[in-house]
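Take a look at the structure set out below.
Here is the structure:
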C-alpha cells in the first residue's frame, strides 16, 4: 500500500475546521467569553488557571517535532485561547543538549517541552527539567496510560516512521512499496537515511528494522550506499530536490513537505512501520507556568489530538480516529502494523542498537 500526494487544499481546509472547533470555549461561547477554558465540551483549565494564563499572555515551546505539524498545533491553541506561542524547534538530540545546558545553569527558557526518545526523556526528567502539571479530570481520563512518572510528563502522540520517494524522479511503475524493495540494487547511491543518534525517531526505526524487518536488513540496506543525514529536515530537503530518490522519513515530516509542494509520496509498507512517542512536560523553571499548564493540558484535548491525526500521527486518545495520509487510512493502532515497544524495552536496546548501526554503516559522525 502507499499513500499518494496529499492535497494541500484539503489539508488546509481540515486544519481550518479544527481551528474553528478549537475556538469554542466555556459553555458554548468563545474563549474570550468564558471564565474557564472548555474545548469540545472538555474542561482544559478552570477559572483561576485560565485567568492567570491569559495574564501571562504567551509561552515558549521547545520542540523536536516537525515545523509544519507544530505550527498547526500552536495556531489552533492561540485561536482557542488568545495565548501566543513562541516555538523553538531543534532535532531531539540537539534540543536535549540545549535543555540540559539551560537546566544546569538554572536558566531554562522553555515553558513546555515536546521531545522524542525514551533515553532522552528519562535523562531530562532526572536532570530536573520538568515540574508536575496536574491535568483536568476529563482530559486526564481520556489520555489514560499516556501520563508518565506520576504526571511529570506524558505522551502526546505516536509518530510513524516509514519512507517516502520523490515521485518526480522515480519512474512510474518502479515505485518502492515495501521495506524489502529498498534493497534492490537499482537504488544504489539513491537512498537516504538519518543517523541513528538523531533522536527517538531513529532509535525506534533502528529497533524496528532489527526486530521486525530482519536482523540483516540494515547490512543489505547499507550495501546500497545510502547517503547519511544528520536530521530529517536536511534529508527531506535533499529528497525534495531529487538529490536522493527514496529516504526513510517520519510521516508527519513528509506530510508537511507535501503541503508545501514537495513531490513526495509516503509509503505504507506491508511489513509495518516504527512508532515512537513524543513526550510533553512543563518546564521546571517555566517563565509562564500557568500558560504552560494550559497548553500542556490542551495538547491532550480532542481538538489537538485531531490535528495530530491529520499529520499522520497515532493519537493517545481512542475517540479521535486513525491517521490518514492522502487516500490511505493507516491500519488501526491495535492491528500489529505499528511497531511500538514499551519504554523499558526501548531503553534496554538503545545503546547497543546505536553501536550496531554505526558499525554497519561505518558512521563516525
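Residue numbers (the working numbering): 963 to 1327. Glycine included, every Cβ here is placed at the ideal spot set by N, Cα and C.
Within its chain, find whatever has a CB closer than 6 Å to the CB of residue 986; leave out the 5 residues flanking it on each side and keep chain order.
At residue 986, the pLDDT of 42 sits below 50, so the modelled position is not reliable; the number obtained from the coordinates is stated separately. Nothing meets the Cβ criterion.
Buried or exposed: where does residue 1007 fall if 16 or more other Cβ atoms within 10 Å of its Cβ makes it buried?
buried
Classify residue 1307: buried if its beta carbon has 16 or more other beta carbons within 10 angstroms, exposed otherwise.
Residue 1307 counts as exposed, since fewer than 16 other beta carbons sit within 10 angstroms of its beta carbon.
Spell out the partners DSSP gives residue 1264 in its beta bridges.
DSSP, once it has assigned bridges, lists no residue as partnering residue 1264.
Between the Cα of residue 1048 and those of 1254, 1228 and 1302, spot the shortest distance and give me the residue it belongs to.
1254
Which value, in whole angstroms, describes the spacing of the CA atoms of residue 1010 and residue 1045?
15 Å
Please work out which residues of its chain come closer than 7 Å, Cβ to Cβ, to residue 1291, disregarding the five sequence neighbours upstream and downstream, and give them in chain order.
Excluding sequence neighbours, residue 1291 sits near 1284.
Jot down the residue ranges of each uninterrupted beta strand (DSSP E) in the region 1132-1174, minimum 3 residues, whole runs only, in chain order.
1153-1156
Using the beta-carbon count (16 or more within 10 Å), is residue 1139 buried or exposed?
exposed
How is residue 1308 classed by DSSP in three states: helix, strand or coil?
helix
Could you give the distance in angstroms between the alpha-carbon of residue 988 and the alpha-carbon of residue 1263?
Note on residue 988: pLDDT 40, under 50, position unreliable in the model; the coordinate value appears next. A direct Cα-Cα distance of roughly 14 Å separates residue 988 from residue 1263.
Residue 1271 and residue 1258: beta carbons closer than 8 Å?
Here residue 1271 is not near residue 1258, since their CB atoms are 8 Å or more apart.
Compare the beta carbon distance of residue 1189 and residue 1315 with 8 Å and say whether it is the shorter of the two.
no
Rounded to whole angstroms, what's the CA-CA distance from residue 1302 to residue 1167? Just pull it up for me.
10 Å
So what's residue 1314 in DSSP terms, helix, strand or just coil?
helix
With 8 Å set as the bound, which would you pick, yes or no: does the beta-carbon of residue 1081 sit closer than that to a beta-carbon of chain B?
Structure shown: chain B not included; a single protein chain is present.
For residue 1237, which residues from the same chain have a beta carbon less than 8 Å from its beta carbon, with the 5 sequence-adjacent residues on both sides left out?
1120, 1121, 1122, 1123, 1166, 1276, 1300, 1301 and 1302
Are residue 1250 and residue 1073 closer than 8 Å when you measure CB to CB?
yes
Since residue 1290 sits in a beta bridge, which residues does DSSP pair it with?
1287
Quick check on residue 1302: does DSSP put it in helix, strand or coil?
coil
Throw me the rounded Cβ distance for the residue 999 and residue 1282 pair, which I believe falls under 8 Å.
The Cβ separation is near 19 Å, so there is no contact.
Taking C-alpha atoms, which residue in 1295, 1274 and 1296 lies nearest to residue 1289?
1274
Got a sec, what are the start and stop residues for the beta strand (DSSP E) residue 1212 sits in?
Here the beta strand (DSSP E) through residue 1212 covers 1208-1212.
Three or more C-beta pairs under 8 Å: does that hold for the region 1010-1030 against the region 1054-1066?
The region 1010-1030, when compared against the region 1054-1066, does touch it at the 8 Å Cβ threshold.
Could you tell me the distance, in whole angstroms, from the CA atom of residue 1310 to the CA atom of residue 1159?
16 Å
Between which residues of its own chain and residue 1328 is the CB-CB distance below 7 Å, once the five residues before and five after are set aside?
Beyond the ends of the chain as shown, which are 963 and 1327, falls residue 1328; an answer cannot be given.
For residue 1151, I'd like the list of residues in its chain whose CB is within less than 6 Å of its CB, leaving aside the five on either flank, ordered along the chain.
1187
Ordered along the chain, which non-local residues of its own chain (more than five positions away) have a Cβ less than 7 Å from that of residue 1218?
1028, 1029, 1030 and 1031
Spell out a yes or no on whether the region 1078-1098 and the region 1126-1138 are touching, meaning 3 or more CB-CB pairs, one atom from each, closer than 8 Å.
no
Any idea what DSSP makes of residue 1320, helix, strand or coil?
In this structure, DSSP gives residue 1320 a helical state, which the three-state scheme calls helix.
Flag this pair as yes or no: are the beta carbons of residue 1097 and residue 1319 separated by less than 8 Å?
No; because the gap between Cβ atoms is not below 8 Å, this pair is not in contact.
Looking at C-alpha atoms only, which residue of 1118, 1064 and 1113 is the closest neighbour of residue 1279?
1118
Report the three-state DSSP secondary structure of residue 1250 (helix, strand or coil).
coil
What residues in its chain sit with their C-beta under 7 Å from that of residue 1114, if we drop five residues either side in the sequence?
1087, 1092, 1094 and 1243
To which residues does DSSP link residue 1120 through a beta bridge?
1239 and 1276
What does the alpha-carbon distance come out to for the pair residue 1065 and residue 1076?
16 Å
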